[in-house]
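Below: one structure, written as structure tokens.
There are 4 protein chains.
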Amino acid sequence: MNRNIETPICDLGFSDKQEAVQPEALKLASRTRRRSSAASTCSFSSACFTASSDEDTVISPREKKQRNTKGFTDFCVKNVLSQHGFGRREIEIAEQEMPGIMTLRKRAREDKPLRNANIVCCTHINAQTAVMVEGLIELGASVRWASCNIYSTQNAVAAALAEAGIPVFAWRGETEEDFWWCLDKCINAPGWAPNMILDDGGDATHLMWKKYPEIFKGIKGIVEESLTGVHRLYHMSKNGKLTVPAINVNDSVTKMKFDNFYCVQDSILDSLKRSTDIMFGGKQVVVCGYGDVGKGCAKSLKAQGCIVYVTEIDPICALQASMDGHRVVTLNEVIRNVDIVVTATGNKNIVTREHMNRMKNGCIVCNMGHSNSEIDVNSLHTPELTWERVRSQVDHIIWPDGRMIILLAEGRLVNMSCSTIPSFVVSITASTQALALIELYNAIPGRYKNDVYLLPKKMDEYVASLHLPTFDAHLTELTDEQAKYLGLNKSGPFKPNYYRY
Amino acid sequence: MNRNIETPICDLGFSDKQEAVQPEALKLASRTRRRSSAASTCSFSSACFTASSDEDTVISPREKKQRNTKGFTDFCVKNVLSQHGFGRREIEIAEQEMPGIMTLRKRAREDKPLRNANIVCCTHINAQTAVMVEGLIELGASVRWASCNIYSTQNAVAAALAEAGIPVFAWRGETEEDFWWCLDKCINAPGWAPNMILDDGGDATHLMWKKYPEIFKGIKGIVEESLTGVHRLYHMSKNGKLTVPAINVNDSVTKMKFDNFYCVQDSILDSLKRSTDIMFGGKQVVVCGYGDVGKGCAKSLKAQGCIVYVTEIDPICALQASMDGHRVVTLNEVIRNVDIVVTATGNKNIVTREHMNRMKNGCIVCNMGHSNSEIDVNSLHTPELTWERVRSQVDHIIWPDGRMIILLAEGRLVNMSCSTIPSFVVSITASTQALALIELYNAIPGRYKNDVYLLPKKMDEYVASLHLPTFDAHLTELTDEQAKYLGLNKSGPFKPNYYRY
Amino acid sequence: MNRNIETPICDLGFSDKQEAVQPEALKLASRTRRRSSAASTCSFSSACFTASSDEDTVISPREKKQRNTKGFTDFCVKNVLSQHGFGRREIEIAEQEMPGIMTLRKRAREDKPLRNANIVCCTHINAQTAVMVEGLIELGASVRWASCNIYSTQNAVAAALAEAGIPVFAWRGETEEDFWWCLDKCINAPGWAPNMILDDGGDATHLMWKKYPEIFKGIKGIVEESLTGVHRLYHMSKNGKLTVPAINVNDSVTKMKFDNFYCVQDSILDSLKRSTDIMFGGKQVVVCGYGDVGKGCAKSLKAQGCIVYVTEIDPICALQASMDGHRVVTLNEVIRNVDIVVTATGNKNIVTREHMNRMKNGCIVCNMGHSNSEIDVNSLHTPELTWERVRSQVDHIIWPDGRMIILLAEGRLVNMSCSTIPSFVVSITASTQALALIELYNAIPGRYKNDVYLLPKKMDEYVASLHLPTFDAHLTELTDEQAKYLGLNKSGPFKPNYYRY
Amino acid sequence: MNRNIETPICDLGFSDKQEAVQPEALKLASRTRRRSSAASTCSFSSACFTASSDEDTVISPREKKQRNTKGFTDFCVKNVLSQHGFGRREIEIAEQEMPGIMTLRKRAREDKPLRNANIVCCTHINAQTAVMVEGLIELGASVRWASCNIYSTQNAVAAALAEAGIPVFAWRGETEEDFWWCLDKCINAPGWAPNMILDDGGDATHLMWKKYPEIFKGIKGIVEESLTGVHRLYHMSKNGKLTVPAINVNDSVTKMKFDNFYCVQDSILDSLKRSTDIMFGGKQVVVCGYGDVGKGCAKSLKAQGCIVYVTEIDPICALQASMDGHRVVTLNEVIRNVDIVVTATGNKNIVTREHMNRMKNGCIVCNMGHSNSEIDVNSLHTPELTWERVRSQVDHIIWPDGRMIILLAEGRLVNMSCSTIPSFVVSITASTQALALIELYNAIPGRYKNDVYLLPKKMDEYVASLHLPTFDAHLTELTDEQAKYLGLNKSGPFKPNYYRY
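Here the protein sequences come in this chain order: A, B, C and D. Going by the working numbering, the first sequence opens with residue 3, and the numbers climb by one from there. Going by the working numbering, the second sequence opens with residue 3, and the numbers climb by one from there. Going by the working numbering, the third sequence opens with residue 3, and the numbers climb by one from there. Going by the working numbering, the fourth sequence opens with residue 3, and the numbers climb by one from there.
So this is what it looks like as structure tokens:
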């Protein structure tokens with residue numbers, strides 16, 4: 003038995019100081035997350051991109067009595083009858099690109115490792131998450147599901163889920179009040195005794211803990227996906243209020259690499275191309291920040307013939323950028339010459355009005371980072387500047403002298419707004435969430451204390467292995483002799499927790 | 003004051019189990035390290051490569067009374083008078099490529115942070131390490147220096163050091179007995195009270211602890227560079243025998259990235275080219291292992307037009323290889339077709355006799371990994387095979403049917419044997435070692451317990467920053483507002499300890 | 003004076019045999035060019051992509067009497083009054099990305115090198131070509147303009163041109179009869195004596211030569227852009243019917259490199275991404291053909307992490323593919339395993355029904371080559387296969403066993419249908435056309451015989467130089483001594499005609 | 003029968019003007035070619051690199067009567083008896099890496115297409131050329147062989163050839179007089195009636211034409227490899243003195259791509275690494291000239307993490323550099339900042355003393371171009387500068403203020419001096435030469451006039467095809483239908499002569 007594969011996250015470097023002074027970055031993200039249509043923590047974005055804006059918003063779904071074709075009524079969505087067919091097809095298309103969660107469903111279908119699990123689910127609702135949640139049900143769980151974001155629900159998918167008999171409460175364009183009403187419906191229902199929470203942002207956890215403390219006591223585990231939600235959990239833990247174990251899936255190795263480095267390599271090109279039709283060869287680009295996101299951006303842009311400059315505050319990352327063949331500069335040094343500015347820092351006010359005053363005509367400005375504060379967009383709302391919306395998500399901002407800059411997605415995450423997230427990337431996250439639920443639900447008592455944990459390394463490796471057949475990749479197995487030589491178990495985990503992939 | 007920037011290494015994942023069953027890999031490395039001319043833990047290798055073998059070994063330096071031009075006699079090297087000029091020039095050339103250690107010397111020259119430090123030094127002795135050790139002296143230290151490897155000493159450099167009045171005891175081709183005699187001279191000398199150890203492999207620490215426990219009590223800190231030495235320290239710590247704090251510089255981020263990923267990108271090409279003059283375009287290569295070393299090999303070879311296959315045991319690394327555009331295969335699948343086999347696993351018996359029996363004619367086999375056991379070279383010493391040495395470090399091994407494979411460096415680290423380590427890479431390591439010595443020597447009492455520590459993140463960042471001017475790289479500084487937003491100190495550290503660069 | 007900078011194209015290798023047996027490929031292209039909405043010779047494609055299909059086609063523009071806001075009536079377009087504003091803005095946006103033609107306009111504005119040139123213009127009509135044609139007018143020319151393609155006209159742009167007083171005759175969705183009527187209006191008009199032809203496909207030339215031989219006698223030169231048109235001209239020349247000099251701009255070096263190698267590097271990624279949202283990393287792709295188009299596809303896809311296989315008939319190109327790190331295979335060898343098939347051969351039936359029968363589920367099939375016959379799409383129209391249109395330009399074709407392939411753009415040029423051509427690329431072509439017109443119009447008598455010429459190398463170099471400021475690229479000038487050493491004129495041309503860039 | 007596959011080179015753009023004013027570049031190359039140990043036209047260079055300089059030069063081979071072990075005496079080499087074994091082994095090693103020429107030998111062994119050909123051979127003499135010449139003999143030819151360069155002969159190889167009974171006249175370090183004596187021995191010998199010439203530089207052709215006009219009348223064809231030799235032939239042709247057909251193999255597509263673009267990608271890295279041990283990551287490099295050699299250098303250096311700047315005089319190449327992601331600059335702009343300067347222009351005085359006065363300390367300067375005049379090395383021989391030879395081919399040149407630059411190979415071709423040419427590259431050239439000999443020797447009378455021809459495209463393709471099995475590359479064959487569609491012969495040639503690969 004592996005007693006020590008799991009690691010409380012607090013040991014991994016969230017030091018006291020960071021807690022004592024909770025970074026403003028996180029506070030802001032939390033406060034603003036439902037005000038922006040591109041929620042900063044959203045990782046399922048095709049919804050955002052493909053959304054049409056022509057939906058009638060006259061009658062709230064809450065005011066209509068609905069039933070699906072089989073007479074089922076325990077849900078609240080928009081237009082179940084007219085849209086479920088289209089939504090089901092979207093789900094089927096997504097299934098083809100989500101090998102991890104589909105394989106998991108197939109392998110564990112017999113075992114039903116989530117038998118009798120009653121899960122309150124609060125995540126984005128779209129074709130890809132539907133594949134995951136229908137998977138949870140296939141593995142034995144009951145689920146009640148609300149959206150974690152008032153703008154991101156794919157109505158047709160919600161309709162398909164309602165048609166399939168799943169209690170789902172969500173539609174695109176909920177009010178703040180609607181939001182809490184839907185979530186309440188998932189926690190408190192006749193004959194419903196939740197014992198697990200699958201959360202994205204911490205709202206389900208917070209509402210249940212605050213309003214339904216008795217129900218909260220029945221919870222065996224929480225799985226949280228977002229950075230914001232993880233910090234809320236950690237705060238609870240610090241203050242002794244976390245009375246159940248939780249798993250932070252946000253920081254799983256496999257998920258992080260795909261959400262950031264790999265996903266970004268595709269989406270920076272796609273975002274720029276779809277919004278501006280720019281030709282990449284010979285363009286001068288400055289990438290602000292050289293973490294996983296900045297590294298991915300810089301690599302792809304360079305491969306397509308851009309000349310990439312990097313700005314960094316951290317000398318280690320700056321040295322990496324240098325060795326990788328990028329000039330490390332301050333933004334001021336290059337701002338007059340570059341054709342494209344990409345922010346990827348997680349910091350605020352990286353690109354200021356002063357910078358934008360000095361950009362050359364036609365410079366493209368966009369944000370690939372965590373929050374929407376990297377570019378000081380507010381500073382552009384002054385009377386002497388003219389804004390022209392030339393395409394969806396593309397604004398020309400024109401100075402009095404005729405000079406113009408091109409702002410994408412109003413400074414929000416450009417790959418959320420102007421590109422799509424491949425289902426394959428979501429498959430990684432979804433598999434990670436499902437495994438975390440299984441782990442917490444089946445853990446022997448005492449294995450996890452009331453703390454925030456990372457997914458055990460071995461399960462992280464398992465998520466990766468579920469996605470290898472897509473590439474026809476063949477793993478090598480250790481011989482007994484080799485395993486002994488390395489001091490490893492033949493089935494993993496293969497690396498210490500601190501290993502830098 | 004930063005109370006928590008340093009992290010005892012035990013928190014970073016060396017779990018109990020790994021200790022309880024000390025991997026054989028480490029034990030073997032330890033036992034064999036002085037039997038092989040390419041010491042498995044050697045990171046200063048230009049010495050190995052440029053060494054001539056024509057030196058007279060008739061009279062041992064121990065039997066000759068030597069004095070330098072100023073009459074100084076407290077040293078034992080080979081031919082001090084005839085070679086010191088050439089050695090000094092080699093040191094001067096190295097200085098030009100070691101910006102980190104040179105800058106450190108210049109900056110701290112006045113402060114003398116190592117004033118009164120008496121350091122027993124046991125490392126490789128070559129032009130680059132000479133730059134470091136002369137730096138330690140410039141910063142105020144006294145040093146007595148023996149080599150950690152019986153084959154790697156650059157005699158001319160040792161002569162230059164002796165000429166400069168440094169008590170150095172080393173020559174290429176020491177016997178085992180010589181080795182311990184030299185080390186003894188560095189620990190136990192009239193009027194010498196050592197208070198620091200700079201070790202590479204753990205022998206100085208072990209000898210002093212075992213033979214001179216009274217002297218050992220005077221030690222304020224140990225800085226250890228090698229994996230083997232770190233594990234010996236850790237073992238001492240486990241068993242309660244480590245009575246001083248130690249810093250493991252082997253796992254510093256900056257050092258590791260340069261020793262592995264960046265250094266390897268150059269040296270895999272260089273090693274293959276110098277030894278075989280092979281043309282890279284279109285060659286099929288299998289790289290066994292996709293850690294930092296394997297990643298570096300695969301990236302460079304692919305960039306030069308090779309078709310790269312990867313073998314892996316770890317699904318996460320296998321998924322990375324797939325996403326990076328390499329087919330992940332088992333060695334058996336491709337062994338008949340590849341032109342080059344590169345091992346980079348740290349494991350043993352990766353390439354077996356059975357594999358070699360099936361390789362195609364002219365296949366090149368080499369090892370870039372940790373130990374010399376990755377290729378089962380012993381299995382090739384059978385009567386039916388003919389060995390032909392066609393160049394230094396290059397053997398043709400010929401099967402009865404005329405088929406031939408090309409084995410480089412007899413399976414030892416090929417980049418140690420057939421390439422050189424750039425001084426720039428050594429500069430990173432040397433700066434890390436010097437800073438670790440300064441940190442331990444100046445730490446306020448109680449800051450470090452008697453345990454094994456990683457270099458504080460902030461110092462790791464400082465090492466990186468020392469090397470940025472080489473690239474004319476300009477760091478960006480956080481504004482007060484940004485620092486507050488991120489919850490960071492403006493001067494770093496900028497990342498949590500678990501951050502994966 | 004440069005007597006020999008221009009080269010009749012016949013010297014460059016269109017050998018007798020090739021003419022005697024005119025390849026069917028060209029004949030077909032010629033015959034089908036107006037039947038397909040993605041004209042095989044189209045190089046201005048944003049029109050195709052951004053076109054909406056909801057335009058009313060009830061009343062033909064020919065039946066409506068139109069006048070612009072200033073009372074001008076010598077044109078025939080759709081909805082001049084309602085659309086010209088939007089069209090003008092599209093033109094203005096295009097101007098920003100077309101540095102070559104804009105610089106040319108600015109430099110030659112005073113000289114008016116096309117003063118008194120009366121040009122019959124028959125090309126695609128869209129924002130980018132409008133920038134060129136308005137440039138011709140700025141340089142002194144009068145123009146009458148019809149479209150060379152019944153589907154590609156941007157109506158709003160045509161409206162803007164009509165509003166600007168340019169006699170333009172074109173709309174999207176012309177009938178075959180409309181097409182000839184419009185063209186006729188450009189040749190034969192009261193008080194109009196054309197002396198130049200700017201053609202794309204050869205129809206203006208053909209119509210004038212056939213129907214208006216007297217007018218044709220007044221022509222001083224023809225500039226032809228398309229492969230088809232060039233071959234028609236060459237055929238005329240062979241048969242002694244070409245009574246004016248013509249310049250083939252299709253084969254200009256600068257234009258060719260941009261239309262193919264550079265443009266393709268962006269558009270293969272963009273086409274696949276926009277249509278399928280596929281993630282590139284680790285995908286296995288076979289690129290059929292390794293000419294400039296195939297080379298561009300292979301390079302970009304590999305850089306994004308794909309594993310690229312190449313098929314070739316030509317051993318020289320195959321050897322290049324090998325050296326560039328791609329496996330050279332037959333399609334049969336890999337057809338069961340690849341995720342994406344890209345054709346780029348200019349040949350027919352590269353991907354047959356038999357191949358498609360064996361593809362794996364979800365395989366994407368698309369064409370980047372010259373014609374729409376590379377993929378045998380017709381063979382897929384059999385009763386047992388189900389076609390599902392899942393997005394614009396994306397069909398799922400489903401076999402009875404449930405296996406499905408994804409066909410893009412029905413096998414037509416995928417980058418024309420699913421991507422856009424950057425204005426920068428069009429700027430190269432447009433500058434080349436404008437310079438060819440200026441050259442022919444101003445050539446001293448006798449300089450050009452009645453033959454088909456390539457653009458003089460020096461002008462080709464000039465087109466390139468017009469686009470360098472975009473990249474802030476600074477040319478080096480030869481010293482007198484160096485020019486003499488190389489036997490070159492300091493202002494070029496710098497290379498012999500046969501030079502392979 | 004293909005009547006028109008061969009193309010007289012004069013049609014390919016060597017215009018009158020270029021001839022009238024023969025560029026000084028060529029004249030110089032011709033005049034200096036035997037004065038420099040790295041002959042500017044040398045393409046077989048491993049000889050140069052591996053040569054030792056310690057050979058006794060006391061007694062000239064001409065003064066010694068030699069016989070091989072079988073009593074054969076018709077040769078003049080150095081030390082036939084002591085060295086032939088080692089030479090034979092070098093030849094055998096080379097055979098393994100020369101698939102083209104070896105396959106050709108195997109395939110045509112029965113046919114003996116060179117039966118009764120008597121070839122005067124004047125090329126470099128080393129292991130790789132020996133593989134070719136022994137091939138010619140295997141195909142039926144008789145050969146007499148002298149070296150085309152007084153420094154490049156591998157004596158051991160010459161010994162092996164003599165031992166094998168081949169009349170070879172060459173040794174390293176011939177005097178000018180020796181050179182002509184040796185060549186004379188190959189032309190004029192008892193019972194020897196030469197009918198073919200294989201030349202490299204034009205000396206055999208010139209000597210025979212001048213001194214033995216009667217013998218010259220018996221020649222059926224000349225195959226010339228070097229740029230200089232080709233221009234001498236062309237000059238003869240212009241002046242009506244060329245009385246036999248000649249094939250220029252220098253400009254064959256396959257050979258050129260390998261001699262330049264592909265070969266350079268490996269050798270620029272290798273040359274820099276072997277001579278300076280520099281680390282590539284982050285180094286700033288300026289590559290002067292962006293032809294095939296510059297392109298190869300820039301690509302490899304960028305891939306290894308260098309930041310590459312390009313200088314160009316030709317706007318088309320400059321635009322290519324921009325699109326490929328390199329800044330195009332003048333040398334003056336960057337000369338103070340770069341770490342490495344690489345010349346690849348074929349021009350002179352690219353790097354002047356003035357540039358070198360401004361380089362930063364430690365800047366590396368080397369030449370990859372055609373001649374040794376690109377760097378103005380002479381300007382560095384002034385009293386205030388100190389030259390230090392730090393390694394073979396590496397000089398430190400030190401300014402009075404201590405600043406130092408590192409000059410490689412004294413400005414001669416660095417990849418000839420500091421790297422090796424892979425046998426694979428030589429195999430391409432050797433196959434091309436052998437096929438050219440076969441073509442001329444077997445051509446039906448009248449097929450070739452007394453002019454200079456390029457190798458027929460079909461044979462160029464055949465050379466490529468001979469090298470595909472090395473990469474396990476599988477060509478696709480045209481179907482009858484496809485060949486008809488393209489207007490091509492199924493067995494090639496596949497491209498028009500002007501095609502740019």
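Backbone N, C-alpha and C define an ideal beta-carbon position, used for all residues, glycine too.
CB contact flag (LYS459(D), ASN499(D), <8 Å): Yes, Cβ-Cβ distance for LYS459(D) and ASN499(D) is below 8 Å.
Cα-Cα separation, HIS233(C) to LEU321(D): 29 Å
Beta-carbon proximity check, VAL2(B) vs ASP378(B), cutoff 8 Å: In the structure as shown, chain B starts at 3 and stops at 503, and residue 2(B) therefore has no counterpart that could be examined.
Three-state class that DSSP yields for GLY298(C) in the structure shown: helix
Where HIS398(A) sits in the DSSP three-state scheme: Strand.
Rounded separation between SER302(D) and ALA323(D) - CA only: 14 Å
Neighbouring residues, chain A, relative to GLN435(B) (Cβ below 7 Å): The premise fails here: GLN435(B) is roughly 17 Å from chain A at the closest Cβ pair, so nothing lies under 7 Å.
Residue-level contact to chain D via CB, CYS308(A), 8 Å cutoff: At least one chain D Cβ lies under 8 Å of CYS308(A).
Where ILE280(B) meets chain D, residues with beta-carbon distance less than 9 Å: GLU99, ASP268, PRO424, PHE426
Cβ of ASP205(B) within 8 Å of any chain C Cβ: No, ASP205(B) does not count as interfacial toward chain C.
Residue environment, GLN306(D), which counts as buried when at least 16 other CB atoms sit within 10 Å: buried
Coarse secondary structure for ARG35(C), derived from DSSP in three states: The pLDDT assigned to ARG35(C) is 44, lower than 50, so where the model puts this residue is not dependable; a value taken from the coordinates is nonetheless given after this. Of the three classes helix, strand and coil, the one that applies to ARG35(C) here is coil, per DSSP.
Contact set between the segment 301 to 326 of chain D and chain B, restricted to residues whose Cβ is under 8 Å from the partner: SER302, ALA305, GLN306, GLY307
Inter-residue Cα distance where the pair is ALA388(D) and ASP403(D): Looking at the sequence provided, one finds Thr at residue 388(D) rather than Ala. Their Cα atoms are separated by approximately 11 Å.
Run of the alpha helix (DSSP H) containing THR71(D), from where it starts to where it stops: Premise fails: THR71(D) is in no alpha helix (DSSP H) and is neither H nor E.
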